[in-house]
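**Student:** Can you keep this structure in mind? I'll have questions shortly.
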Amino acid sequence: MTVQKTLDGTKLTAAISGRLDTATTPEAEKALKDGLDKVTELVLDFKELDYISSSGLRLLLSLQKQMNTQGSMKLINVNDIVGEIFEITGFADILTVE
65 MTVQKTLDGT
75 KLTAAISGRL
85 DTATTPEAEK
95 ALKDGLDKVT
105 ELVLDFKELD
115 YISSSGLRLL
125 LSLQKQMNTQ
135 GSMKLINVND
145 IVGEIFEITG
155 FADILTVE
């Protein structure tokens, strides 16, 4: 799992690749939450994300909660596998997925 971050003013785009699971979520959380306090728009690019587990879903909830007080968060380039996980768990109704 890798996280590539691009900061453009107060907009942070983070491209996450690989698997977001129990083993990798702590590393992703550290990478994503570092410096997030000055961000008003968070964009998570899931183009290269192969899988997300419950621990990854918990991270998304945590990020969404934080961004609700700071601005906005959206997910882009969500593939069918991850999109199906969002549908089954109800996350498709909670998160902004484009």
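Using my numbering, the first residue of the sequence shown is number 65, and each one after it goes up by one.
Note that CB positions come from ideal geometry on N, CA and C, so glycine has one too.
Does DSSP put residue 147 in a helix, a strand or coil?
**Tutor:** It is helical.
**Student:** With the cut-off set at 8 Å, would you say residue 123 and residue 89 are in Cβ contact?
**Tutor:** In contact: residue 123 and residue 89 (Cβ atoms closer than 8 Å).
**Student:** Where does residue 99 land, buried or exposed, given buried means 16+ other C-beta within 10 angstroms?
**Tutor:** Exposed, since its Cβ has fewer than 16 Cβ neighbours within 10 Å.
**Student:** What's the call for residue 120, buried or exposed, on a 16-neighbour Cβ count within 10 Å?
**Tutor:** Buried, because 16 or more other Cβ atoms sit within 10 Å of the Cβ of residue 120.
**Student:** Measuring CA to CA, which of 112, 105, 151, 150 is closest to residue 70?
**Tutor:** Per the Cα distances, 105.
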